[in-house]
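Numbering (this note's numbering), first residue to last: 64 to 201.
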């Protein structure tokens, strides 16, 4: 069973500096739901659903919880897993948007690219770990 955690903290767009992008009291509240689907010794596969739409929201919220995204060199670099990833392991597996003409809900899905799988497997996560991802971001 998935373990769900919702993060509700302020997130600010800032002036381009990483510290400005991070959490601030004057920032607008943003919400992200994380479902842990699988774990290894070094990492976890999460189905992530951002409710708000702030810049770097997923990355900021993951770092805020002490679990930065693997390969993220801007947020939580000191907490990166070993071995370190050569790329950010963040992938929009599924997006839902309103169709611009017909008005109905449109769902677009895309599997992670081969480079994503190579990095994930180096962290002890098999392709089977991703089988239960129903939507959202990996």
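Note that CB positions come from ideal geometry on N, CA and C, so glycine has one too.
Remember, it's a predicted structure, so these values are computed and weren't measured experimentally.
- The three-state reading of DSSP puts residue 154 in coil, since its state is none of H, G, I, E or B.
- For residue 122, the enclosing alpha helix (DSSP H) covers residues 120–127.
- In the structure shown, residue 142 adopts helical secondary structure according to DSSP, grouped into three states.
- Bridge pairing for residue 113: 95 [DSSP].
- In the three-state reduction of the DSSP assignment, residue 101 falls in the strand class, which pools E and B.
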